[in-house]
Amino acid sequence: MSGGVSDGALSEAAGLAGPGGSSRKAAADGSSRSSESAPSLALRAATEADLDAIWAIESAVFGAEAWSRDLMRDELNADLRCYLVLVDEAGAIVGYGGLLAVGTEGDIQTIALSPETRGAGQGRRLMNALLDAADERGVNEVFLEVRADNPVARTLYASLGFEEIGIRPRYYQPEGVDAVVNKLQMENRR
Ligand SMILES: CC(C)(COP(=O)(O)OP(=O)(O)OC[C@H]1O[C@@H](n2cnc3c(N)ncnc32)[C@H](O)[C@@H]1OP(=O)(O)O)[C@@H](O)C(=O)NCCC(=O)NCCS
53 MSGGVSDGAL
63 SEAAGLAGPG
73 GSSRKAAADG
83 SSRSSESAPS
93 LALRAATEAD
103 LDAIWAIESA
113 VFGAEAWSRD
123 LMRDELNADL
133 RCYLVLVDEA
143 GAIVGYGGLL
153 AVGTEGDIQT
163 IALSPETRGA
173 GQGRRLMNAL
183 LDAADERGVN
193 EVFLEVRADN
203 PVARTLYASL
213 GFEEIGIRPR
223 YYQPEGVDAV
233 VNKLQMENRR
């Protein structure tokens, strides 16, 4: 795994602050898998100074379903959150993800990588860092929602030990795509 600091240390350093936030959506993934070696990416806690870069990815990846910039700012500053960013050697943010941890329950609020960063293990790395952060906060169960038409994300979550426990019909509007609700019992984490 590349990057200057261990993921565990980074998730320990990840910021928490203020209320707010809603659970999320997921885009279908049009990327292809890359056999090229991944560039060296650092993983660190996000700050409000990262908002522009995060929102640029958010709006490009999720389009009509993207969070507003204000909501994203609120999320970065909210209590009980852990937002992490992947940063390339030039200092550009190429991915981000967020966890909400309330008591023993966690929610993966969002995760997205720029298209050119996908398929090289960085999404799994980011998810594992968020799950490490959940573990450090005493979370026993982690939930997330994913679009039914997002096989890449669904496969990733299943490989981490998530189980698909329900469907929210036509959850993603305006397209009317179902959401698949996933749950991870932390003791089943892989
Ligand atoms: C979903 C996402 C975060 C995954 O990150 P990634 O870096 O592309 O995925 P990784 O390279 O870490 O691969 C993790 C697993 O995903 C699956 N996967 C990745 N790319 C895939 C592809 N093109 N086809 C099928 N499965 C794929 C595999 O199970 C893979 O595990 P493996 O390499 O051990 O076989 C990323 O693709 C992304 O940002 N997509 C757009 C936004 C999005 O859909 N977010 C999810 C919202 S719920």
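With my numbering, letter number 167 in the sequence shown gets 219, and the count goes up by one each step, no holes. From the three backbone atoms N, C-alpha and C, an ideal C-beta is built for every residue, glycine too. Computed from a predicted model, the values in this text were never measured in an experiment.
Distance cut-off 6 Å: residue i Cβ against heavy atoms of ligand 1
| i | result |
| --- | --- |
| Val232 | no |
| Ile163 | yes |
| Gln174 | yes |
| Ser92 | no |
| Arg220 | no |
| Val113 | yes |
| Gly171 | yes |
| Leu208 | yes |
| Ser120 | no |
Which of helix, strand or coil DSSP assigns to residue i
| i | result |
| --- | --- |
| Gly213 | coil |
| Leu178 | helix |
| Glu100 | helix |
| Glu227 | coil |
| Val191 | coil |
| Asp184 | helix |
| Arg220 | strand |
| Ala205 | helix |
| Gly70 | Low confidence applies here, because Gly70 scores a pLDDT of 28, under 50, leaving its location unreliable; read the following figure in that light. Coil. |
| Ala105 | helix |
Cα-Cα separation, residue i to residue j
| i | j | result |
| --- | --- | --- |
| Glu197 | Arg96 | 24 Å |
| Leu152 | Phe195 | 10 Å |
| Gly171 | Thr156 | 31 Å |
| Glu117 | Arg241 | 29 Å |
| Ser92 | Arg220 | 38 Å |
| Gln225 | Arg121 | 19 Å |
| Ser166 | Gly173 | 13 Å |
| Ser58 | Asp187 | Confidence at Ser58 is low in this model, with a pLDDT of 34, below 50, so the placement of that residue should be treated as unreliable; the coordinate-derived value is given next. Rounded to whole angstroms, Ser58 to Asp187 spans 15 Å at the Cα level. |
| Ile145 | Tyr209 | 23 Å |
| Val137 | Pro203 | 23 Å |
| Leu212 | Ala205 | 11 Å |
When the options are compared against residue i, the one with the closest alpha-carbon
| i | options | result |
| --- | --- | --- |
| Tyr135 | Leu182, Glu157, Gly175, Arg242 | Leu182 |
| Tyr148 | Leu208, Asp131, Ala116, Asp102 | Asp102 |
| Tyr223 | Arg177, Phe114, Ala200 | Ala200 |
| Val233 | Glu216, Gln225, Glu227 | Glu216 |
| Glu127 | Trp107, Leu138, Glu227, Glu117 | Trp107 |
| Arg189 | Asp159, Ser120, Gly175 | Asp159 |
| Leu123 | Arg220, Glu100, Val137 | Glu100 |
| Gly175 | Asp187, Asp131, Thr207, Ala186 | Thr207 |
| Ala164 | Ser111, Gln225, Asn192 | Ser111 |
| Phe114 | Leu132, Glu227, Gln237, Val137 | Glu227 |
| Glu193 | Val154, Met238, Asn202, Asn180 | Met238 |
| Gly218 | Arg133, Lys235, Val229 | Lys235 |
| Leu132 | Ala185, Asn202, Ala210, Ala105 | Ala185 |
| Asn129 | Ala98, Thr169, Ala105 | Ala98 |
Identified DSSP bridge partners for residue i
| i | result |
| --- | --- |
| Phe114 | Answer is none; Phe114 lacks a bridge partner. |
| Leu138 | Leu95, Gly147 |
| Gln237 | Glu193 |
| Leu152 | Arg133, Asp159 |
| Ala164 | Tyr148 |
| Arg199 | Ala231 |
Chain D contact for residue i (CB, 7 Å cutoff)
| i | result |
| --- | --- |
| Ile145 | You won't find chain D in this structure, because it holds only one protein chain. |
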